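Shown next, in structure tokens, is the structure this report addresses.
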Amino acid sequence: MRSPAPAGTLGLWRRRLLPPLLLLLVRAEVLRCTQLTFELPDSAKQCFHEEVDQGVKFTLGYQVISGGHYDVDCFIEDPHGKTIYKETKKQYDSFFHQTDIKGIYKFCFSNEFSTFSHKIVFFDLLIGDEPPILPEMGNRVTALTQMESACVTIHEALKTVIDSQTHYRLREAQDRNRADDLNERVSYWSVGETVILFVVSISQVVLLKSFFTEKRPTSRGVSS
Amino acid sequence: MAGVWARRLQAAMWHQALLLRLWLALASVEGLYFHIGETEKRCFIEEIPEETMVIGNDRTQAWNKQTETFLPSTSGPEMHVEVKDPVGKVMLSRRCDSEGQFTFTSHAPGDHQICLYSNSTRMIIFAEGKGRVHLDVQAGEHTNNYPEIAAKDKLTELQLRTRQLLHQVEQIGKEQNYQVYCEECLHMTSESANQRVLW
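Respectively, the protein sequence lines represent chains A and B.
In our numbering, each residue's number is its place in the first sequence (first place is 1) plus 50.
In our numbering, each residue's number is its place in the second sequence (first place is 1) plus 2.
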């Protein structure tokens with residue numbers, strides 16, 4: 051015969067197993083963080099779609115890393131097709147919005163104004179709030195201990211550090227691409243200058259030679 | 003007696019971790035998606051430091067011409083994924099597994115290119131250019147599944163938080179080392195341009 055379970059352990063078991071089952075049924079809101087870098091060809095448009103519930107906050111941040119004048123058009127449409135954000139020829143920007151309607155939101159980037167430069171665009175889409183590290187921590191009723199609240203503070207500060215690092219990494223990539231472009235242009239210019247220098251000097255020599263060659267019969271009398 | 007209940011509690015935590023993983027897998031399928039043509043190849047760039055794990059999830063949704071809707075993700079054709087390292091060497095080139103997941107660890111720092119394309123001969127799938135690809139790519143610290151780690155290593159909440167902080171700090175350190183490497187490249191390029199202008 052089985053001995054009865056200690057009441058505290060059984061309650062703990064129910065508390066640990068029930069929330070994820072409920073979450074499966076209810077499909078609670080979860081943080082979705084997507085960071086992608088893609089190449090946008092000239093005269094092209096690329097769109098990304100995401101289904102978002104009503105009343106959810108989302109943030110879209112984007113930055114052009116390389117190509118042309120480092121600018122791109124961006125627009126966001128809600129499920130009814132209404133444009134909620136539209137910017138043209140922006141190098142980087144961030145847009146925060148709280149949704150009014152549930153449905154599929156469209157995030158588009160366009161390089162249609164450019165005829166020959168490919169752009170590389172980085173975007174970061176953050177939807178919802180960060181969930182607790184373990185599901186049952188969301189049902190907590192007691193206050194956090196000092197250690198736990200210190201850990202939470204450090205976690206938030208480190209998230210800020212990581213975001214800041216990402217921002218500076220992108221800026222550095224942008225500067226590196228500009229430096230590479232500059233280096234390439236300088237090397238083409240210097241090769242071109244060298245070629246022109248040789249062509250001009252050779253043609254000058256040939257031209258001078260041609261003067262003396264033509265005037266040879268008459269110049270013998272003059273020079274001697 | 004207490005041991006029996008402790009084992010049952012541990013089993014419950016394992017189940018919870020598995021359920022959460024299943025739920026997260028389903029939730030990620032509903033994430034960001036884009037349209038892709040039949041023979042189109044879509045490439046994404048991940049700028050990552052060395053020894054960083056990257057996990058990607060991609061699922062396709064087939065277009066049902068009769069009902070004019072997209073079918074559930076499990077019925078779509080499998081995508082091929084090709085990953086190239088910063089020097090252009092192919093690191094990974096295979097079909098995604100049944101869960102639509104692919105994983106790789108970078109050996110060199112820099113831009114890794116992840117390309118997706120479909121080799122499907124089922125022409126109707128991408129007819130009228132209507133192929134939906136759900137994609138989610140996570141790198142570094144975001145690849146850690148904390149409920150699973152807690153269940154496997156039997157950690158308390160505080161220990162798990164500390165483990166998370168350790169992972170975050172490790173990622174920051176790797177990114178900083180990568181920045182040192184990038185800055186060196188930039189310095190050499192600038193010096194080279196300067197020399198050319200000078201001469």
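Note that CB positions come from ideal geometry on N, CA and C, so glycine has one too.
Computed from a prediction, not measured in an experiment: that's the story for all the values here.
(Q) In whole angstroms, give me the CA-to-CA distance for V256/A and S240/A. (A) The C-alpha of V256/A lies about 24 Å from the C-alpha of S240/A.
(Q) Looking at T138/A: is its Cβ nearer than 8 Å to the Cβ of D123/A? (A) Less than 8 Å divides the Cβ of T138/A from the Cβ of D123/A.
Q) Under a three-way DSSP split, which group does H189/B fall into? A) Of the three classes helix, strand and coil, the one that applies to H189/B here is helix, per DSSP.
Q: To the nearest angstrom, report how far apart E180/A and Q170/B are at their CA atoms.
A: If you take the alpha carbons of E180/A and Q170/B, they lie about 15 Å apart.
Q.
Is L166/B close to chain A? Criterion is C-beta to C-beta, closer than 8 Å.
A. The question names Leu, but residue 166/B is Gln in the sequence shown. Yes, because at least one Cβ of chain A sits closer than 8 Å to the Cβ of Q166/B.
(Q) For K154/B, report the span of its alpha helix (DSSP H) as first-last. (A) It spans 148-155 - the alpha helix (DSSP H) in which K154/B sits, taken as one unbroken run.
Q: Quick one: grab the DSSP three-state call for T59/B.
A: According to the sequence shown, residue 59/B is Asn rather than Thr. In the structure shown, N59/B sits in a strand (DSSP, three-state: E or B).
Q.
What does the alpha-carbon distance come out to for the pair Q148/A and E206/A?
A. The alpha-carbon atoms of Q148/A and E206/A are separated by roughly 22 Å.
Q. Can you name the start and end residues of the beta strand (DSSP E) that Y119/B belongs to?
A. Counting along the chain, the beta strand (DSSP E) containing Y119/B begins and ends at 112-119.
(Q) Are the CB atoms of T69/B and G142/B within a distance shorter than 8 Å? (A) For G142/B and T69/B, no; Cβs fall outside 8 Å.
**Q.** Beta-carbon neighbours of R163/B, restricted to chain A and to distances below 8 Å
**A.** Within 8 Å Cβ-Cβ: I183, E198, C201, V202, H205.
Q: Could you name the residues of the same chain whose beta carbon sits closer than 8 Å to that of W25/B, not counting the 5 residues immediately before and after it, in chain order?
A: Reliability fails at W25/B, whose pLDDT of 46 lies under 50, so the model's placement of it is uncertain and no value is given.
Q. Going along chain B in order, which residues have a C-beta closer than 7 Å to the C-beta of D225/A?
A. L188, listed in chain order.
Q) In chain A, which residues lie less than 7 Å from S194/B when you measure between Cβ atoms? A) Going along chain A in sequence order, the residues near S194/B (Cβ under 7 Å) are N233.
Q.
Give me, in chain order, the residues of the same chain whose beta-carbon lies closer than 6 Å to that of K43/B; leave out the 5 immediate sequence neighbours on both sides.
A. So the qualifying residues of the chain are C117, Y119.
Q | Distance CB(I115/A)-CB(L220/A) smaller than 8 Å | A | Taking the C-beta atoms as reference points, L220/A is found nearer than 8 Å to I115/A.
Q | Nearest-angstrom beta carbon gap, Q224/A and Y25/A [assumed within contact, 8 Å] | A | Because residue 25/A is not part of the residues shown, which for chain A are 51 to 274, the question remains open.
**Q.** Nearest-angstrom Cα separation, counted from F106/B out to Q196/A
**A.** In this structure, the alpha-carbon of Q196/A lies about 39 Å from that of F106/B.
Q.
Assuming the contact rule is C-beta atoms closer than 8 Å, P111/B and Y180/B should be a hit. Round their C-beta distance to whole Å, please.
A. That belief holds up - the Cβ atoms of P111/B and Y180/B are roughly 5 Å apart, short of 8 Å.
**Q.** Three-state class that DSSP yields for M197/A in the structure shown
**A.** DSSP places M197/A in helix when its eight states are reduced to three.
Q: Tell me whether the beta-carbon of L81/A lies closer than 8 Å to the beta-carbon of L162/B.
A: At a Cβ-Cβ threshold of 8 Å, L81/A and L162/B do not count as neighbours.
Q: Could you tell me which chain A residues have their CB closer than 8 Å to the CB of Y35/B, listed as they occur along the chain?
A: Per Cβ cutoff of 8 Å: F98, H99, E100.
Q. Roughly how far, in whole angstroms, is the beta-carbon of D92/A from the beta-carbon of F159/A, given that I think they are within contact range, below 8 Å?
A. Not confirmed; about 13 Å, so no contact.
Q: With 8 Å as the threshold, decide whether the Cβ of V122/A is near any Cβ in chain B.
A: By this cut-off, V122/A is not an interface position.
Q: Step through the CB atoms of chain A and report whether any lies within less than 8 Å of the CB of I38/B.
A: Chain A, which has no Cβ nearer than 8 Å to the Cβ of I38/B, makes this no.
Q) Under 8 Å between the Cβ atoms of F157/A and C97/A? A) Against a cut-off of 8 Å, the Cβ pair of C97/A and F157/A comes out as a contact.
(Q) Can you tell me whether M190/B is buried or exposed? The criterion is at least 16 other CB atoms within 10 Å of its CB, across all chains shown. (A) The residue in question, M190/B, is exposed, as its Cβ has fewer than 16 Cβ neighbours within 10 Å.
(Q) For C201/A and Y148/B, what's the separation of their Cα atoms in angstroms? (A) Going from the Cα of C201/A to the Cα of Y148/B covers about 15 Å.
Q: Taking the CB atoms as reference points, tell me whether D174/A and Q85/A lie closer together than 8 Å.
A: One thing to note: D174/A has its Cβ within 8 Å of the Cβ of Q85/A.
Q. What did DSSP end up calling K209/A once you bin it into helix, strand or coil?
A. Helix at K209/A.
(Q) Starting from L34/B, trace the beta strand (DSSP E) in both directions and tell me its first and last residue. (A) First-last for L34/B: undefined, no H or E at that position.
**Q.** Assigned exposure category for E40/B - 16 Cβ within 10 Å defines buried
**A.** Buried, since its Cβ has 16 or more Cβ neighbours within 10 Å.
Q: My understanding is that G102/B touches N146/B, with C-beta atoms under 8 Å, so please give their C-beta distance in whole angstroms.
A: Rounded, the Cβ-Cβ distance is 20 Å, inconsistent with contact.
Q | Nearest-angstrom Cα separation, counted from I170/A out to Q197/B | A | Spanning the two alpha carbons is a distance of roughly 29 Å.
Q. How should F104/B be labelled, buried or exposed, when 16 other C-beta atoms within 10 angstroms of its C-beta is the threshold for buried?
A. It is buried - the Cβ of F104/B has at least 16 other Cβ atoms within 10 Å.
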